[in-house]
Amino acid sequence: MKQTVKNIFFLGVKELRGLGRDWMLLILIVYAFSLGVYITGVSSNDTITHAAIAVVDEDRSLASQRIVDAFMPPMFIPAADITLDEIDPGMDDGKYTFVLVIPSEFEKDLRGGRQPEIQLNVDATRMSQAFSGSGYIQQIINRELAIFNNKGQIPPTLVKSVVRNRYNANLTQSWFKALMQLVNNITMLAIILTGAALIRERENGTLEHLLVMPVTPFEIMFSKIWSMLVVVLAASMLSLVVVIMGFMHVPVNGSIWLFMLGVALHLFAVTSLGIFLACIAQNMPQLGMLLILVLLPMQMLSGGSTPMESMPKWVQYVMQIAPTTHFVEFCQAILFRGAGMSVVWKPFACLLAIGAVLFTFSLQRFRKSVAQ
Numbered sequence: 006m007k008q009t010v011k012n013i014f015f016l017g018v019k020e021l022r023g024l025g026r027d028w029m030l031l032i033l034i035v036y037a038f039s040l041g042v043y044i045t046g047v048s049s050n051d052t053i054t055h056a057a058i059a060v061v062d063e064d065r066s067l068a069s070q071r072i073v074d075a076f077m078p079p080m081f082i083p084a085a086d087i088t089l090d091e092i093d094p095g096m097d098d099g100k101y102t103f104v105l106v107i108p109s110e111f112e113k114d115l116r117g118g119r120q121p122e123i124q125l126n127v128d129a130t131r132m133s134q135a136f137s138g139s140g141y142i143q144q145i146i147n148r149e150l151a152i153f154n155n156k157g158q159i160p161p162t163l164v165k166s167v168v169r170n171r172y173n174a175n176l177t178q179s180w181f182k183a184l185m186q187l188v189n190n191i192t193m194l195a196i197i198l199t200g201a202a203l204i205r206e207r208e209n210g211t212l213e214h215l216l217v218m219p220v221t222p223f224e225i226m227f228s229k230i231w232s233m234l235v236v237v238l239a240a241s242m243l244s245l246v247v248v249i250m251g252f253m254h255v256p257v258n259g260s261i262w263l264f265m266l267g268v269a270l271h272l273f274a275v276t277s278l279g280i281f282l283a284c285i286a287q288n289m290p291q292l293g294m295l296l297i298l299v300l301l302p303m304q305m306l307s308g309g310s311t312p313m314e315s316m317p318k319w320v321q322y323v324m325q326i327a328p329t330t331h332f333v334e335f336c337q338a339i340l341f342r343g344a345g346m347s348v349v350w351k352p353f354a355c356l357l358a359i360g361a362v363l364f365t366f367s368l369q370r371f372r373k374s375v376a377q
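The sequence shown runs 6 to 377 under my numbering.
Here you go:
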């Protein structure tokens, strides 16, 4: 037993030294856990911000002017006043995402109890703004017309709803996107590093040298797992504390150490999966192709981008065997909601069980591959 632990330790140190000489992988690690997380958090934004809007006001009345003045920063830029002939050229050139057409005698029809129509032209190629912006514009128009009909007073409502946003009071999307990008990078880098470590041994011919030494396939495989686990664990810790909490000022509500414990359990599972994929692939390009087939569905269906409840039932059942599903579950619970062990023990237990199964299955495959 003592010799086994010693072999695993020194083989792991050898893997760390080999990784230290691989500049491409080192650059990938640094980028993924620094600029990759930061850029995703600050640049990706699905909310309406400074959307370009123009208005064709054929009525030039008090009611139409109220609507025009309601489009204000930061949601919209001040509405441009254009004519009907300028709609198509402006939208073809991409100058306007929304063009509102207010017909003549709009206020007259409104005061007469009729229901005048307002035309909204939307550039649907800008999908995120087009979808949510149309709803915002409709709400703005309805609000301004309700105030106009009540002579400047906000109409009373039968029920008053009070909305409280928990965990993210200002609905800042960068908080969510930065943390979810970190979660995705942890899974991606863990599989790539362990797979690359095994393929590097095979391509350099050092795997055959190890097999003639008094070491077992279990020791070789476990040394690669613990060494890459330490690298990704340290990189994710630095990314969380320095980049996300330091530079981006994203608050973390839960325990960082509990999160790191869960990350270690997840890394045990996905590094075992990386070994299995490396046993199938013969080189790095083949490993990259396998990653596309395995990693993308795991991350897209894990619940990080779309809630699990909105997926078909059979997808929800199938994804329970994927480690990323339970990883995202406890990450959101700890980092966003400040959950403790009493809440996240179930995904922890699932990850431990999935990791044990993947490790056993990968070890059997690794023994067959070295025997061949």
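Ideal Cβ positions, reconstructed from N, Cα and C, are used throughout, including at glycine.
Check, Outcome
"Any 3 or more C-beta pairs closer than 8 Å across the region 244-254 and the region 41-49", "yes"
"Cβ contact check for the region 173-187 and the region 273-283: 3 or more pairs under 8 Å", "no"
"Assigned secondary structure, D74 (DSSP; H/G/I helix, E/B strand, else coil)", "helix"
"Identity of the residues DSSP links to V127 by a beta bridge", "F103"
"Collapsed DSSP secondary structure at V220 in the structure displayed", "coil"
"Local conformation of V257 per DSSP, three classes", "coil"
"Sub-8 Å separation of G17 and S232 beta-carbons", "yes"
"For G138 and C284, the rounded distance between their alpha carbons", "49 Å"
"Rounded C-alpha distance that separates I92 from F111", "20 Å"
"Whole-angstrom C-beta distance between P352 and F335, which should lie under 8 Å", "4 Å"
"Cβ-based neighbour list, Q304, same chain, cut-off 7 Å, excluding 5 preceding and 5 following", "N189, T192, T329"
"Residue span of the beta strand (DSSP E) that contains D64, given as start and end", "No beta strand (DSSP E) holds D64; DSSP gives it neither H nor E."
"The region 280-297 / the region 196-215 touching (three or more Cβ pairs under 8 Å)", "yes"
"Residues that DSSP places opposite D86 in a beta bridge", "V60"
"Given L89 as reference, the closest of D114, F103, V60, V247 once Cα atoms are compared", "V60"
"Under 8 Å between C-beta atoms of Y141 and I53", "yes"
"S48: first and last residue of the uninterrupted alpha helix (DSSP H) it sits in", "40-48"
"Range of the contiguous alpha helix (DSSP H) that encloses N190", "178-209"
"Environment of H55 [buried if 16+ CB atoms lie within 10 Å]", "exposed"
"Length-filtered (4 minimum) alpha helix (DSSP H) runs lying within the region 322-370", "328-336"
"Spatial distance of R131 from K100 (CA atoms)", "12 Å"
"Continuous alpha helix (DSSP H) stretch holding R116: start and end", "111-116"
"Whole-angstrom distance between G308 and L125, CA atom to CA atom", "35 Å"
"Closest residue to P79 among I58, G95, P94 (Cα-Cα distance)", "I58"
"Span of the alpha helix (DSSP H) around A37", "28-37"
"Opening and closing residue of the alpha helix (DSSP H) in which V10 lies", "7-25"
"Between the CA atoms of N209 and G23 - distance to the nearest angstrom", "11 Å"
"Spatial distance of E122 from Q134 (CA atoms)", "23 Å"
"Contacts around L187, its chain only, beta-carbon distance under 8 Å, and the 5 residues preceding and following it disregarded", "F38, V42, S241, S244, L245, I249"
"Exposure of H331, with buried meaning 16 or more beta-carbon neighbours within 10 Å", "buried"
"Unbroken alpha helix (DSSP H) run spanning M80, endpoints", "Counting along the chain, M80 falls outside any alpha helix (DSSP H), and DSSP gives it neither H nor E."
"Beta-carbon proximity of F227 to I13, cut-off 8 Å", "yes"
"For A344 and G267, believed in contact at Cβ under 8 Å, the rounded distance", "Not quite, the Cβ-Cβ distance comes to about 11 Å (not below 8 Å), so this is no contact."
"Rounded Cβ spacing between L300 and L198 (contact assumed at less than 8 Å)", "Wrong, their Cβ atoms sit about 13 Å apart, outside the cutoff."
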